[in-house]
Each structure stands twice: as structure tokens, then as C-alpha cells.
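In what follows, a single structure is set out as C-alpha cells and then discussed.
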């Protein structure tokens, strides 16, 4: 029995060892090789590329691997434009395009897939793929290429429609009534190529075609080139690098074709056009009515009471107007207590409104402003009065500092009220500075109406002592609103920032034409202006800056009005030109920085620092984002468009030229 048990145990051990060895020999399946990072390769199509006399309405394309489509409805674009977009599908290695419009005779068709095609497994994008065919006996083969940037921020326009019209067919209404003849879409870098053009002279536009009708509505973003373009082609020699099996490289020359112009720069903008009408009106409280217009206005509405015992009284007799510079937000504070007591105000108004012919004309309407105290509020008020045996506390006017306990040395003291201000007793206002342990009154200071909000705000301009402590005292019942409400006693203590807490920055600007006005805008890391300074005698000085990372841009102030102005296609006016300083600036406490800036040194498409770009291109697998100071100098994936050495002033009004490395500004100024 013992011998039998021992042999059984030995047999069990042997089985376990055999199974363990088998498991060790099969711990995992073999690796599948390196990760696929190459996009799909086009193999063939039916009809084939540049096929002639095509009469079928279906196009079949085949690739070397399984593919998928990304947003084909928006990304795949056909020229000439189709009333009904084609149906595009992917199945395995096969992509089909089915036209729903009949094909025009003797016409070259282009199907531009943009970046819609990618492989199924890894998502590698086949960028810039396009094919063509003709229903006639020849293929139109000319191209025009360029880039579209946002005028105000130099952001690359991604997925924006770019189209052409024949110059001979252009009228004042063509862009709004006739679809583009041929179109393309911009890629992630804002680049475009309109393909398969006939010889001729064209007008070029970019459009944010919201309603997909290939025509411009005045509310849509638009870009236009001032000059006409005449595309042409030129034979060139292309150098290819060949790699042998032993790893060595050799050069091979072959013939190629370059297509021009390839350096068109379009700057898109919005005219800011809005149909004028009264968007909203309300009476949010008994003593205030508001009117909101849909667009900027050039005149105030004419308003008077339409009915009742006050009929015919103009609003200027019984209300105080608070508005903005564009006259589209109106706030009337009722000053007449008798009018204020009326629950239902019927007002006859006459204001300017856009009619059906898109013309602004005077329009008459009667508006009803109704207000009644909420019942719930009245009940709470009665209960509170019944329960409270103490004398009621006065409802003081809110009037306080905007900036808080720390005052910037370059700003005035700023106070704001919640109601329109009536009067301030200057004798009740005292400003004191602390010397050692004593407070000394600062003479000759007083509150003045603020230039931006004169009814609600008051400012006090003071030659501040950096680093000093101040105290503002305002006696009670010395600040009154237009309703007779007065303030409680105010004591506001604050400190002025010392100069060593600031940095100063001076730009020395090169490249401005004689007599050209420019303004520098300092930007935060969100690309938002925080300070501005005019360029005077070639210098822009920005003082008392807070430490931190900043960026800068400059605009050419053509009309010298101190603000950036958009363009107008209606009046054939380009937006004012923008230039970015290409690098980040780091400001430190108690530092003075003087920075030279040649505004035409860096190509326009490489000016805006990558860190503050909003429309960043998607990075490919394994690709890293550009570091600070690196430039995006890639202009096109087409080898016939890269580094062509093409230089032309014809299409850029002698202000911009193209060099290898990207679009570059000329040395005589900046025009788009």
C-alpha cells in the first residue's frame, strides 16, 4: 500500500511539472510588430483619375486597407457645387460617391475629401486627398492656393469655404445671389487649393457658409482679395531622395508642374451687420424701464406717454437715460414720482428699424410697460413690520470702491453706486495719506463723474505716492441718489502698489510706413488685450505692468480713431491689418524691458505663438506640439507648392510676398 501511494505521488508530480513546462512555453502570443502610423494608400478608382467622357453618377475608390469616413457630409466637397450634396459611404477598403444631381456636359468635376478619409484601426488620416474626372474630352487642370486667417487674431480658418467667381460675370449682387463656380475647404492650417480651373480671370473669396447655399449673407463671415487672379502652370524640376537597401541615399530628378498663384492670403472678418429692430423692452422695477435694440443705432428712439393724464409728455421730462456708446442698450430711470406710481405705462415710440428691403427707416409702435409689486413681497413686508417693534433701519444707498484695498498707481480712485447719483457734498469727502503713524489730508481732491458711466460712477484723480497707505472718509447723508436715498458713513482704507511691484515694457517698432499710425495691444495668455499703447516716434511704451507671461500684437490704425476696425465687403474695405509678436514675453517685478520688433521679419502664418492659438491643428500620433519660439513653416503638403521660390506682388498690392518657409510680409508695409 505504501509503495502504491508513493508511485501515485511521483506520477502526480510528473504531471504537474509537464503542465508547468507547457504553460511556461506559451505565456503569451507573439507581438504584432510596430504600430501602424501610415495613412491609407489610394490604389485605383472607377472611373479612374482624370478620366474623360464620364457619364456615370457613381464613383468607386479603392485603398490598400480598411478605411472609415469622418464627417463626410461637411468635409467632402464637390466642384462645381451641387444643389444636392452627394452620398459618400465607406465599406472595407472601398469608398463610394453617388451624385444626386445630374452631371453637366463638358465639365471637369473635383471631389476633394480633405481629411475625411482615415484607416479603420489606427485612425491615420489621409490628408488633402482629391480626385477628378471630366464629362467632356479634356480636363481643366489649373489651381490656385493660399491661406485663410482670421483678420483680428490671425487664427487659421479651419474648414472654411473658399470659392471663386469669374471676373467677367461679377456684378454687385453676384456674391449674394449666385453660388460659387468652384470651391474648396481650408485644412487645419487654414490652407486651401481650388483645383481644376479653366484659364481665365477670377475673384477669390472665403466664406463661413452657415446655410450651405454657397452664397454670402451679410451676417456671415467673409474674406475677399482686392485683386483678380489669373491661374497658370509652369514646368519645374523636382528632386526626390531615394534610399537604397544598404541605407544609403541618392538623389533623382524628375519633371513636375507648379501651379500659380500659390500665395494668396485672405483675412476673414464679419461686417457686424445686424438687422435693426427692438429686441426687447421691460420694466424690471417700478422706477426703471429698459429697451434693447438688436444692433448699433445712430439715433435715440423718440418716446412719449401715449395715454392718461400724462399723455404727450416726452420721456426726457420724466426719466434719466443711461446708455452705451452704441445706443443699443437703453436704461431709463424714472425721476417723476407721479409717473413712477402708474402701474401701466403706455408709451408711443418712434425708432429706426430695418424693413423688408433691407433699408433702415423710421417705425412707430406703442409699447406697454406694466409693473406691480409682487403680492408675496407685500405679505412678507407686512409680517416683518408687525413683528418688529424697533424703529426701522434706513435703507442706505450702496456706494463703494470698485478696486478694493489695493490701488494701482496709474488708475484713479473709482466708486460706484447702484442708483443714478444726484449729488455729493464735497465738504464731506476727505482723502488722507499716512505719514509714519499720522494721517495727513490730501488737499484739492474731489469726486467727478466717470466718463464711461457718469450717472452711476464717480472717480477721483490723484497723483498717488507709490507704496503709501491712504484713507478715504465720506460722511453719512452726503451722497444722494436721484431718488433721495443717501449713503451710510464710509471709511475706505487702501494701499497704492509700490513701483518695484511693476514691470515696464517698451517696444521699438520697425517697418511702419511714414505717417502710418499703429497701436500695440498687450495680451494675456488667453489672447485677450489687457493694455494698449500708441506707437509714437517708433516706440510703444507700456508702464506699470503686473509680472507674468504676456504676448503682444499690433494693428495699423488706418483711420487713426484709436480702435481696430473690421472690414466691409459692401464698401470694399479690408479690415485693419494685424501683426503678432512671435514670442512670449515674461515680465518680472522691478524690470524695465526694451524689445525691438520688426513687424515684417516673421512670416504672417508663423507670427502667432502656438501657446495662444485657439485653432490648433490635431497632432498626429507621436507628434509633439511646437515649443515656445518654434514656427509653423509648413505651407502645403503638395510638393509642387512647397519651396517654389515664387515671389509676386501682383496679388498682394505690393505689400506681401511669398518665400520658402511660409507666407511672408513685404518690407514696404502690410496690406492683405
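In my numbering, the protein residues as written are -3 to 668. Even for Gly, the Cβ is constructed at its ideal location relative to N, Cα and C.
Item, Value
"Start-end ranges of the alpha helix (DSSP H) lying completely within the segment 59 to 120, minimum 4 residues", "68 to 71"
"CB of residue 562 within 8 Å of CB of residue 267, strictly", "yes"
"Segments assigned alpha helix (DSSP H), at least 4 residues, entirely inside the segment 290 to 357", "311 to 314 and 333 to 336"
"Through-space distance from residue 560 to residue 401, alpha-carbon basis", "34 Å"
"With 16 other Cβ atoms within 10 Å as the buried cut-off, status of residue 161", "buried"
"Cβ-based neighbour list, residue 269, same chain, cut-off 7 Å, excluding 5 preceding and 5 following", "214 and 215"
"Sequence-distant residues of the same chain with beta carbon closer than 6 Å to residue 255, five excluded per side", "139 and 229"
"Nearest to residue 575 (by Cα), restricted to the options 498, 342 and 515", "515"
"Where residue 172 falls: helix, strand or coil (DSSP)", "helix"
"Residue environment, residue 187, which counts as buried when at least 16 other CB atoms sit within 10 Å", "buried"
"Secondary structure of residue 536, DSSP reduced to three states", "strand"
"Nearest residue (CA-CA) to residue 484, options 492, 475 and 129", "475"
"Beta-carbon proximity check, residue 518 vs residue 526, cutoff 8 Å", "yes"
"Residue 288 - DSSP class collapsed to helix/strand/coil", "strand"
"Other residues of its chain near residue 453: CB distance less than 6 Å, five sequence neighbours each side excluded", "412 and 446"
"Complete alpha helix (DSSP H) runs within the segment 425 to 467 (minimum length 4 residues, chain order)", "none"
"Cβ contact (3+ pairs, closer than 8 Å) linking the segment 457 to 466 and the segment 548 to 560", "no"
"Residues near residue 357 in its chain [Cβ-Cβ closer than 6 Å; skip 5 each side]", "351"
"Residues near residue 112 by beta carbon distance below 7 Å, same chain, minus five either side", "65, 66, 67, 68, 71 and 72"
"Simplified DSSP assignment, three categories, for residue 238", "strand"
"CB contact flag (residue 414, residue 479, <8 Å)", "no"
"Nearest to residue 123 (by Cα), restricted to the options 114, 334 and 426", "114"
"Span separating the alpha-carbon of residue 371 from that of residue 281", "14 Å"
"Three CB pairs or more closer than 8 Å across the segment 196 to 207 and the segment 231 to 247", "no"
"For residue 609, the residue or residues it bridges with in DSSP", "Bridge partners of residue 609: none, in fact."
"Reference residue 347, options 332, 144, 508 and 274, closest by Cα", "274"
"Beta-ladder partner(s) of residue 589, from DSSP", "501"
"Residue 531 beta carbon less than 8 Å from that of residue 502", "no"
"CB contact flag (residue 210, residue 163, <8 Å)", "no"
"Residue 525 (DSSP reduced to helix, strand or coil)", "strand"
"From 316, 308, 340 and 355, residue whose alpha carbon lies closest to that of residue 272", "355"
"Rounded straight-line distance, which links the Cα of residue 490 to that of residue 426", "14 Å"
"Span separating the alpha-carbon of residue 493 from that of residue 579", "28 Å"
"Reduced DSSP secondary structure (H/G/I, E/B, other) of residue 495", "helix"
"Cβ-based burial, residue 235 [other Cβ within 10 Å; buried from 16]", "exposed"
"Burial state of residue 676 (16 or more Cβ within 10 Å)", "Nothing about residue 676 can be read from this structure; the chain reaches only from -3 to 668."
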